[in-house]
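According to the working numbering, the sequence shown is numbered sequentially starting from 2.
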Amino acid sequence: TMVRVWYEPPPYGVGTSLNRPPYGTADTGSKWLQKLARVPQWQVMVGSVAIAMTLSAIPLMNQKLPHTMSPEYQAASRAYMRYHNMNPIFGVSSKEARAKDAH
């Protein structure tokens, strides 16, 4: 015999569960929190990462580059690597790289 079952959706919406408290999706008074709870998780994660990246980049906006990024330092580093014959096949000490820097 078949049993008839009546489905009743959860009281706080489709994305919630009956065996757990609603964690702020009940009558908290904030409608944006209820909307945020129903937004797909990937959208919330992308937005959170974008906000975190923006906030972490603000202190770095007006800083000068490190001294190791100056052309003089990089030229000295390249000369040191050539003197010690580092990366002789494909790197700085290769014939192609030496020919390119000679021009």
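Each residue gets a CB set at the ideal place from its N, CA and C atoms; glycine is no exception.
Kindly list the residues whose CB is nearer than 7 Å to the CB of Ser94, restricted to its own chain and excluding five residues on each side of it in sequence; keep chain order.
-> Met82, Arg83, Asn86, Met87 and Asn88
Look at the Cβ atom of Val45, then the Cβ atom of Leu37, and state whether they are nearer than 9 Å.
-> yes
Which whole-angstrom value is the C-beta distance of Ala98 and Gly92, which I expect to be below 8 Å?
-> Contact holds; Cβ gap of about 7 Å.
Using the Cα positions of Leu34 and Ala53, report the straight-line distance between them to the nearest angstrom.
-> 19 Å
Straight-line gap, Lys32 to Ser57 (C-alpha atoms, nearest Å) | 28 Å
With DSSP run on the structure shown, which of helix, strand or coil describes Pro89?
-> coil
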